[in-house]
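Keeping their order, the protein sequence lines are chains A and B. Each step along the first sequence adds one to the number in numbering that gives the first Met the number 0, with nothing skipped, and position 385 is 384. Each step along the second sequence adds one to the number in numbering that gives the first Met the number 0, with nothing skipped, and position 110 is 109. No residue lacks a Cβ here, since even glycine has one placed at the ideal position from N, Cα and C.
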Amino acid sequence: MRLMSLRAAGVFLAVAGLAVLSACSSSSNSGGGGGNGAITLPGGLGSVPAAATGTEKAGTITWALGPGTVPNFIFPVINSANNSVYNEQSFSWDMWRPLYWTQNGVTPELVPSMSLANPPTFSNGDKTVTITVKSAFKWSDGQPLTSKDVLFDIDMIKAAVKESPSNWPAYVPGHFPDDVVSASTPSSSTLVLSLSGPVNPSWFTDDILSYAGPTNPLPAHAWSKDSVNGPIIDFTKPANATKIYNFLMAQNKSVNTYATNPLWQIVDGPYKISAFNATTGAFTLVPNTAYGGPHAAKMSNFQGVPFTSDTAEFNAVKAGSIDIAYIPQTDVPQIPVVKRLGYNVFGMPDFGMNFVNYNFKDTTGHFNAIAGQLYFRQAMAHLEDQEGYIKAFFFGAGDPSYGPIPAYPQSPYLPANAATNPYPFSVADAVSLLKAHGWTVTPNGTDTCTSAGSGANQCGAGIPAGTKLAFNLIYNTSPSIIGQQIEDLASKAKQAGIEISLSSSNFNYMITNYNDPAAPANENKWAMEDFGGETENPYATTFGLFNTGGSTQIGDYSNPTADSLINASIASGDPSAVKKEASFLTANQPAMFQPTPDYIWAWKTSISGTPESFENLTQYYATPEFWYLTK
Amino acid sequence: MAGQITSLEAAGTALVPEGGEIGAVQSGWRLALREFAGNKLAVIGFAIVIFFVLFSFIGPLIYHTNQIDTSLSAANEAPSASHLLGTDSNGFDQLGRIMVGGRAALEIGFFAAFIAIVIGALWGAIAGLLGGFADAVMMRVVDVFLSIPFLFVVLILAVKYGATVLSLSLVIGGFSWLFPARLVRGEVLSLRVRDFVAAARVAGAGRSRLITRHLIPNALGVVIVNVTFQVADAILAVSYVGFLGFGLHYPSVDWGDMLSNGVQYQTDGYWWLIYPVGACIVLTVMALNFIGDALRDSLDVRLRRR
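See below:
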């Protein structure tokens with residue numbers, strides 16, 4: 000799960016998940032059939048044509064890189080500061096694959112055929128994990144991919160977090176890799192991890208071993224050294240591991256040598272890098288002929304083409320000069336034109352959540368006490384016109400979302416109470432809730448608490464009589480749909496007598512300064528904030544985000560029931576734990592959940608491949624190994 | 000030709016030097032006004048500014064729109080009888096929105112210009128009158144401020160403290176007094192050696208009286224000309240800030256923010272979100288510059304038409 004800011008293009012700025020898709024056409028997507036075998040999916044926009052039959056041709060396929068999305072990090076052990084979908088799913092993961100692939104088209108689920116290892120087995124009360132690497136995968140220099148390569152990656156992660164917790168984005172103290180008591184490689188294909196406590200198998204497989212870090216096997220036979228010309232050293236010794244990690248990170252910082260450094264030419268994924276422009280971020284990947292996973296009969300070169308603005312990118316689409324490109328949100332009305340120009344178009348919300356954070360520590364005007372009241376958060380939810388946002392701001396290209404699990408794309412984690420809006424848009428309902436809890440409502444004025452106390456019909460503990468229902472909200476200026484939604488919210492709130500003072504900021508400033516754990520000195524400077532949202536992990540627990548003291552907390556939400564349910568999601572064997580967690584959070588509204596716009600992609604009709612390989616573009620994944628030219 | 004009578008003498012024409020027609024003596028200001036009124040561009044500019052003042056402040060009283068409650072069901076509607084310039088993405092009537100935005104632009108423009116002129120005139124007058132080391136230090140301060148990228152500072156302050164009509168006016172005005180200060184200082188350096196200043200000194204006038212009663216009033220021409228440019232610059236500055244997304248916020252709005260929102264839809268044919276508000280910015284700034292140019296021509300004796 001990573002922070003993201005909705006980009007003007009409808010692209011989410013940060014990160015990642017894993018993606019996936021199966022090479023075969025046995026998708027489990029519950030899509031319907033469109034014309035000519037095209038696949039339509041619930042909640043999606045447009046359809047994806049079936050793979051073309053006939054002669055497959057190879058060539059060069061160009062791929063649009065929007066502003067701020069060019070890669071700048073190649074080493075698979077990525078740090079938090081650079082942890083983005085643009086560095087991972089559409090760049091480094093094409094060269095070094097995660098141990099498990101968990102994106103099947105638009106669906107977050109394990110894809111065995113694209114995984115480097117067989118599904119892990121859990122034993123000893125879910126405290127022992129056994130991983131068996133597949134023999135089909137080899138390094139591009141011909142060396143076999145072994146269990147030691149997986150262990151090498153884990154030791155690099157340990158070395159990384161030892162230097163700084165921010166060196167590995169999935170790090171949570173006490174959890175992986177801290178909870179790895181011992182790791183052994185009884186055979187060249189088997190790795191056994193002994194953990195200090197039980198883990199939920201789905202969580203450990205989907206989030207730890209696949210997505211969140213992720214765990215990418217690394218070529219120990221070539222990278223386990225501490226200098227360019229130095230010998231291979233024993234990475235299992237912590238001191239050596241630190242030296243190796245520092246050496247590899249130093250190589251990674253040399254951006255202008257990405258295409259020429261021999262280290263980066265040893266890959267297990269479908270592609271190798273052949274060109275990289277350190278100034279623009281443009282890159283070219285060429286097929287790795289030794290790749291052992293599924294792919295098209297003739298793989299094409301994959302070329303990332305950077306654009307400095309969405310306008311420039313969309314102009315390239317209209318000129319037909321880019322093969323695969325995103326459609327900016329504001330250009331949705333132009334989709335018919337794009338189709339006429341010879342592109343297929345498909346959109347689907349990212350498997351993630353957009354939300355407005357409450358600051359549960361802001362004592363300004365007793366907002367901490369106000370935000371702590373469920374009735375207040377419910378009233379705020381009633382003021383959100385999600386259907387209106389989708390129509391007016393997304394041009395219909397998006398889906399409502401009522402809790403941490405979005406309704407679309409479909410997943411096994413959606414709880415029943417999030418399938419329909421538990422707090423439908425109604426200013427009158429919001430007013431009723433406030434009146435029923437001791438507030439004197441003044442439409443287009445400012446509500447006042449006139450019945451202080453913690454009784455059922457009173458304002459709540461910590462809210463003295465005379466308290467005004469007025470606070471500030473800071474929002475990210477990019478993309479504009481954030482501001483548009485917030486303006487509407489402020490307007491509707493005003494009708495209910497809730498006075499919201501708006502101010503704008505930018506993504507980087509917000510996550511640095513309007514973030515209680517990161518900037519405790521600013522706790523009283525913001526009441527609500529909207530920086531964008533987060534992508535979900537394939538196993539969609541909100542561990543880190545909504546548990547007390549979570550590593551990615553923003554507003555310090557804390558609820559014992561939520562803590563218990565979240566802990567069950569990661570430590571119990573209950574397969575429905577995440578659904579229970581999501582159900583509670585949907586009802587409890589730790590944040591204001593917002594609708595999710597479709598992430599829309601266009602690709603030339605002369606390019607074909609498995610439908611899933613185009614569907615997963617909407618989830619930030621690029622799997623060009625499945626694409627081929629038909630003309 | 001001595002002794003001969005010229006045709007001119009015969010005609011009774013006097014041989015005295017031609018002195019021109021003697022009329023009533025006009026003050027410099029009256030001459031300047033006449034000069035200004037004779038400048039067509041200035042008159043057009045003045046008319047445009049008056050139009051926008053009326054449009055922004057009186058217009059909403061005639062053309063009633065709801066600029067508080069959003070109406071998403073009416074978002075992005077094309078111009079029609081009910082919405083003469085269509086609606087924006089939040090369903091606000093665009094014509095009414097332009098009026099509200101114009102009010103903010105003019106308020107910020109004039110207030111920022113006022114701040115800039117007051118600070119700049121005083122700073123320049125003091126520096127010019129004191130001269131020497133004090134003058135050097137004060138003008139180096141001006142130089143230092145001029146080296147600071149103004150727009151970045153405005154953006155940073157807007158992000159950190161929020162943007163309101165007052166805060167933007169203070170920030171823009173706080174960075175715009177530098178040129179007036181230089182202009183007034185130059186004028187004062189010339190004025191302070193004039194006889195009337197010396198006479199005032201002899202009569203016992205102190206520095207503050209010299210500045211407020213003699214120097215600034217006599218530098219007023221320079222100041223007035225600069226005011227028009229200051230207003231235009233401030234309107235442009237707030238448009239820049241708004242265009243970058245850091246301008247005024249709901250329920251207020253500024254033209255730059257409106258233009259920024261509209262430009263996003265340029266490929267969708269929503270011209271009513273772009274051209275009208277763009278034209279307002281251009282026309283207002285252009286008109287103020289016309290006025291400024293004409294004022295400079297009319298107040299500067301050397302540039303005045305004969």
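Near residue i, which residues of its chain fall below 6 Å by C-beta distance, leaving aside the five closest residues on each side in sequence?
{"i": "L98 (chain A)", "result": "L115, A116, L208 and T214"}
{"i": "K579 (chain A)", "result": "L564"}
{"i": "S500 (chain A)", "result": "N471"}
{"i": "F228 (chain B)", "result": "G291"}
{"i": "T64 (chain B)", "result": "D92 and G95"}
{"i": "P168 (chain A)", "result": "S79 and N82"}
{"i": "Y631 (chain A)", "result": "Because chain A here runs from 0 to 630, residue 631 (chain A) falls outside it and cannot be looked at."}
{"i": "N546 (chain A)", "result": "D562 and I565"}
Quick one: does residue i have its CB under 9 Å from some CB of chain A?
{"i": "P148 (chain B)", "result": "no"}
{"i": "N217 (chain B)", "result": "no"}
{"i": "N260 (chain B)", "result": "yes"}
{"i": "F245 (chain B)", "result": "yes"}
{"i": "V284 (chain B)", "result": "no"}
{"i": "T69 (chain B)", "result": "yes"}
Is residue i buried or exposed, if buried means 16 or more other CB atoms sit within 10 Å of its CB?
{"i": "D384 (chain A)", "result": "buried"}
{"i": "P237 (chain A)", "result": "exposed"}
{"i": "V224 (chain B)", "result": "buried"}
{"i": "K159 (chain B)", "result": "exposed"}
{"i": "S297 (chain B)", "result": "buried"}
{"i": "I231 (chain A)", "result": "exposed"}
{"i": "I57 (chain B)", "result": "exposed"}
{"i": "G124 (chain A)", "result": "exposed"}
{"i": "A318 (chain A)", "result": "exposed"}
{"i": "P559 (chain A)", "result": "exposed"}
{"i": "N514 (chain A)", "result": "buried"}
{"i": "F91 (chain B)", "result": "buried"}
{"i": "D194 (chain B)", "result": "exposed"}
{"i": "S79 (chain B)", "result": "exposed"}
{"i": "A41 (chain B)", "result": "buried"}
{"i": "F132 (chain B)", "result": "exposed"}
Could you tell me how far apart the beta carbons of residue i and residue j are, in whole angstroms, since I believe they sit closer than 8 Å?
{"i": "A274 (chain A)", "j": "A258 (chain A)", "result": "5 Å"}
{"i": "G100 (chain B)", "j": "V281 (chain B)", "result": "The Cβ separation is near 14 Å, so there is no contact."}
{"i": "D93 (chain A)", "j": "P269 (chain A)", "result": "6 Å"}
{"i": "L40 (chain A)", "j": "V105 (chain A)", "result": "6 Å"}
{"i": "Y598 (chain A)", "j": "M347 (chain A)", "result": "7 Å"}
{"i": "V337 (chain A)", "j": "V316 (chain A)", "result": "6 Å"}
Should residue i be flagged as near chain B, meaning a C-beta pair shorter than 9 Å?
{"i": "P332 (chain A)", "result": "yes"}
{"i": "D398 (chain A)", "result": "no"}
{"i": "I485 (chain A)", "result": "yes"}
{"i": "D446 (chain A)", "result": "no"}
{"i": "S503 (chain A)", "result": "yes"}
{"i": "Q494 (chain A)", "result": "yes"}
{"i": "D636 (chain A)", "result": "The question about residue 636 (chain A) has no answer, for chain A in this structure spans 0 to 630."}
{"i": "K467 (chain A)", "result": "no"}
{"i": "S500 (chain A)", "result": "yes"}
{"i": "N28 (chain A)", "result": "Here the model assigns N28 (chain A) a pLDDT of 42, short of 50, so the residue's position is not dependable, and the following value carries that caveat. Judged by the 9 Å Cβ criterion, N28 (chain A) is not in contact with chain B."}
{"i": "F313 (chain A)", "result": "yes"}
I'd like the list of long-range same chain contacts for residue i, defined as Cβ closer than 8 Å, with 5 residues on each side in sequence excluded.
{"i": "F144 (chain B)", "result": "F174 and L177"}
{"i": "K161 (chain A)", "result": "P237 and T241"}
{"i": "S25 (chain A)", "result": "Below a pLDDT of 50, predicted positions are generally treated as unreliable, and S25 (chain A), at 33, falls in that range; no measurement from the model is reported."}
Bridge partners for residue i per DSSP, in chain order?
{"i": "V191 (chain A)", "result": "A:T129 and A:S183"}
{"i": "D529 (chain A)", "result": "A:Y474"}
{"i": "Y357 (chain A)", "result": "A:M527"}
{"i": "F121 (chain A)", "result": "A:V128"}
Can you list, in chain order, the residues of its chain whose CB lies under 7 Å from that of residue i, leaving out five sequence neighbours each side?
{"i": "F625 (chain A)", "result": "A22, H294, A295, G608, T609 and S612"}
{"i": "G161 (chain B)", "result": "none"}
{"i": "A586 (chain A)", "result": "N416 and P421"}
{"i": "A115 (chain B)", "result": "G172, S175, W176, P179 and Q229"}
Check whether the Cβ of residue i lies closer than 9 Å to any Cβ atom in chain E.
{"i": "Q263 (chain B)", "result": "In the displayed structure, chain E is absent; the protein chains listed are A and B."}
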